[in-house]
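Novice:
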Amino acid sequence: MTLKCDVQYRKGDTWSKLTKVGVTGVRKPVVVRREGINSALNGALNCSIDIFVDLPAEQKGSHLSRNVEVLSVVVEESIREPVTGLENIASDMCRKLLTHHEYAQTASVDITAEYFRECRTPLGRGTLEIFKLLASGSAVRGQGIRKTIGVEVIGMTACPCAQQTVSEMTACAEGIAVMSHNQRNICTVLLTMDDRVDVEADEVIDIVQAAFSSPTYELLKRDDEGQVVINAHNNPRFVEDVVRNVLESIVERYDTLPDDVEVTVKSESEESIHKHNAFAERTTTLGELREEYERRVTL
Numbered sequence: 000m001t002l003k004c005d006v007q008y009r010k011g012d013t014w015s016k017l018t019k020v021g022v023t024g025v026r027k028p029v030v031v032r033r034e035g036i037n038s039a040l041n042g043a044l045n046c047s048i049d050i051f052v053d054l055p056a057e058q059k060g061s062h063l064s065r066n067v068e069v070l071s072v073v074v075e076e077s078i079r080e081p082v083t084g085l086e087n088i089a090s091d092m093c094r095k096l097l098t099h100h101e102y103a104q105t106a107s108v109d110i111t112a113e114y115f116r117e118c119r120t121p122l123g124r125g126t127l128e129i130f131k132l133l134a135s136g137s138a139v140r141g142q143g144i145r146k147t148i149g150v151e152v153i154g155m156t157a158c159p160c161a162q163q164t165v166s167e168m169t170a171c172a173e174g175i176a177v178m179s180h181n182q183r184n185i186c187t188v189l190l191t192m193d194d195r196v197d198v199e200a201d202e203v204i205d206i207v208q209a210a211f212s213s214p215t216y217e218l219l220k221r222d223d224e225g226q227v228v229i230n231a232h233n234n235p236r237f238v239e240d241v242v243r244n245v246l247e248s249i250v251e252r253y254d255t256l257p258d259d260v261e262v263t264v265k266s267e268s269e270e271s272i273h274k275h276n277a278f279a280e281r282t283t284t285l286g287e288l289r290e291e292y293e294r295r296v297t298l
């Protein structure tokens with residue numbers, strides 16, 4: 000049986016190009032292995048993958064099966080030879096997409112995965128905590144590839160404003176943390192860089208954890224629970240503080256990364272005494288952050 004020409008190649012009456020055409024929510028295991036990294040982070044990560052190319056105005060449709068084919072091949076390769084990071088496998092997919100879609104000028108891949116990391120409670124109990132890993136790649140034909148590594152971390156903030164008000168209204172013993180209202184804070188950090196540059200996701204998680212009033216934990220015994228509350232109220236933070244603390248730590252830790260690394264930090268506090276949430280965000284480059292940091296240091 001002879002099949003007719005692909006419908007996707009028909010020109011039809013289309014007149015506008017499309018920025019992204021592809022498939023979303025493809026679930027695949029990706030095997031990650033990194034030397035010297037916590038063994039809990041190595042192994043198969045359950046990933047959700049979105050994979051796209053652009054579509055020129057003169058073409059009716061994109062060959063979506065090619066996206067899934069590229070995705071499947073790269074994932075199967077990771078089972079035989081584990082990758083060092085999700086952002087690297089996203090970059091590899093982008094390269095292959097431009098090869099398989101000869102009409103495309105751009106390609107992009109987004110990957111999210113939940114994984115566990117070994118942690119310690121304030122009193123030293125071992126625990127496995129879940130984090131979200133965010134990775135992506137983007138390619139422009141003839142211009143190379145950029146990749147993004149990011150994390151989403153849940154922690155806790157104690158409101159400094161309410162704490163100050165309570166301290167003015169009540170008599171508290173010296174050295175005792177003053178009560179305040181608390182928020183569950185969700186902080187997202189994204190670092191976008193050249194394909195040849197690498198950043199370890201564990202380091203980014205450490206930065207975010209330190210920016211909160213306190214990390215949070217899935218399981219706490221009573222003594223650890225009390226210590227988390229005490230630590231948080233001894234370290235009150237606004238949602239803005241979380242973003243600024245992360246930015247400062249990024250500048251201090253990544254002094255060898257190029258200036259063109261793009262940095263996005265988002266912090267959202269789910270309020271306990273309000274019906275709204277508090278939010279703060281900064282998008283910039285590492286070079287711009289360094290200039291601001293140096294001006295502050297020299298004042």
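Residue numbers (numbering that gives the first Met the number 0): 0 to 298. No residue lacks a Cβ here, since even glycine has one placed at the ideal position from N, Cα and C. Every value quoted in this text rests on a predicted model; they were computed, and no experiment measured them.
Can you have a look at Ala-303 and say buried or exposed, based on whether 16 or more other CB atoms are within 10 angstroms of its CB?
Specialist: Missing from the structure shown is residue 303; the chain here goes from 0 to 298 and no further.
Novice: So the beta strand (DSSP E) Met-345 belongs to, where does it begin and stop?
Specialist: Absent from the model: residue 345. The displayed extent of the chain is 0 to 298, so no value can be given.
Novice: Measure the C-alpha to C-alpha separation of Arg-140 and Lys-59 and round it to an integer number of angstroms.
Specialist: Each residue's alpha carbon lies about 21 Å from the other.
Novice: Ala-277 to Val-227, Cα distance in whole Å?
Specialist: Distance between the alpha carbons of Ala-277 and Val-227: 22 Å.
Novice: Put Cys-118 into one of helix, strand or coil per three-state DSSP.
Specialist: Strand.
Novice: Note the first and the last residue of the continuous beta strand (DSSP E) segment covering Thr-156.
Specialist: Unbroken beta strand (DSSP E) run through Thr-156: 143-157.
Novice: Kindly identify the DSSP beta-bridge partner or partners of Pro-28.
Specialist: DSSP output for Pro-28 lists Asn-45 as bridge partner(s).
Novice: My guess is that Val-305 and Ala-43 are in contact by the Cβ rule of under 8 Å, so how many angstroms apart are they, rounded?
Specialist: One cannot answer for residue 305 here, as it falls past the ends of the chain, which runs 0 to 298.
Novice: Check each candidate in Ala-89, Thr-215, Lys-16 and name the one with the smallest Cα separation from Ala-103.
Specialist: Selected option, being the one with the closest Cα: Lys-16.
Novice: Can you find the residues in the same chain that come closer than 6 Å, C-beta to C-beta, to Val-198, ignoring five residues on each side of it along the sequence?
Specialist: Hits under 6 Å: Ile-148, Leu-190.
Novice: If you follow the beta strand (DSSP E) that Asn-276 is in, where does it begin and where does it stop?
Specialist: That run of the beta strand (DSSP E) goes 276-284.
Novice: Assign Asp-71 to one of two classes, buried (16 or more other C-beta atoms within 10 Å of its C-beta) or exposed (fewer than that).
Specialist: What sits at residue 71 in the sequence shown is Ser, not Asp. Looking at its Cβ environment, which holds fewer than 16 other Cβ atoms inside 10 Å, Ser-71 is exposed.
Novice: Tell me whether the beta-carbon of Val-245 lies closer than 9 Å to the beta-carbon of Gln-182.
Specialist: It is not a contact, given that the beta carbons lie outside the stated cut-off.
Novice: Rounded to whole angstroms, what's the CA-CA distance from Met-80 to Pro-159? Just pull it up for me.
Specialist: The sequence shown places Glu at residue 80, rather than the Met named in the question. Roughly 49 Å between the two C-alpha positions.
Novice: Residues in its own chain within less than 8 Å of Asn-233 by CB, not counting five upstream and five downstream?
Specialist: Excluding positions up to five away in sequence, the list reads Ala-176.
Novice: What first and last residue would you give for the beta strand (DSSP E) that runs through Ser-71?
Specialist: Careful: Ser-71 lies outside any beta strand (DSSP E), inside the alpha helix (DSSP H) at 63-79.
Novice: Indicate whether Arg-145 and Ala-138 have their beta-carbon atoms separated by less than 9 Å.
Specialist: Cβ atoms of Arg-145 and Ala-138: closer than 9 Å.
Novice: Please go through the same chain and pick out, in chain order, the residues whose beta-carbon is closer than 8 Å to the beta-carbon of Arg-289, but skip the five residues on each side of it.
Specialist: Around Arg-289: Val-250, Asp-258.
Novice: Nearest to Arg-221 by CA position, among Thr-156, Pro-121, Arg-65, is which residue?
Specialist: The option with the nearest alpha carbon to Arg-221 is Pro-121.
Novice: Compute the Euclidean distance between the alpha carbons of Asp-49 and Ile-110, then round it to the nearest angstrom.
Specialist: Whole-angstrom Cα-Cα distance: 7 Å.
Novice: Which stretch, first to last residue, makes up the alpha helix (DSSP H) that contains Ala-209?
Specialist: Note, Ala-209: alpha helix (DSSP H), 200-210.
Novice: Apply the 10 Å Cβ neighbour rule to Leu-218 and answer buried if 16 or more other Cβ atoms are within range, or exposed otherwise.
Specialist: So Leu-218 ends up on the exposed side.
Novice: Could you check what DSSP says for Glu-287 in three-state terms: helix, strand or coil?
Specialist: Here Glu-287 sits in helix by DSSP.
Novice: Mapping the DSSP letters down to three states, classify Leu-132 as helix, strand or coil.
Specialist: Strand at Leu-132.
Novice: What residue range is occupied by the uninterrupted beta strand (DSSP E) comprising Lys-265?
Specialist: Taken as a continuous stretch (DSSP letters only), the beta strand (DSSP E) holding Lys-265 covers 261-269.
Novice: Sort Glu-280, Arg-281, Ala-157, Gln-208 by Cα distance to Ser-271 and report the nearest one.
Specialist: When each option's Cα is compared against that of Ser-271, the closest is Ala-157.
Novice: Any idea if Ala-210 is buried or exposed, counting beta-carbon neighbours within 10 angstroms, 16 or more meaning buried?
Specialist: It is buried - the Cβ of Ala-210 has at least 16 other Cβ atoms within 10 Å.
Novice: Look up Thr-1 in the DSSP assignment and say whether it is helix, strand or coil.
Specialist: Only weak support is given to the placement of Thr-1: the predicted model assigns it a pLDDT of 45, under 50, and the question is left unresolved by the model.
Novice: Whole angstroms is fine: what's the gap from Ile-78's alpha carbon to Arg-236's?
Specialist: Answer to the nearest angstrom: the Cα atoms are 43 Å apart.
Novice: For a quick check, are the C-beta atoms of Cys-46 and Ala-106 less than 9 Å apart?
Specialist: No, these two residues do not count as a Cβ contact at 9 Å.
Novice: If distances are taken between C-alpha atoms only, which option among Val-52, Glu-57, Glu-75 comes closest to Arg-65?
Specialist: Ranking the options by Cα distance to Arg-65, first place goes to Val-52.
Novice: Would Thr-284 pass as a contact of Val-264 if the rule is Cβ separation under 9 Å?
Specialist: No, Cβ-Cβ distance for Thr-284 and Val-264 is not below 9 Å.
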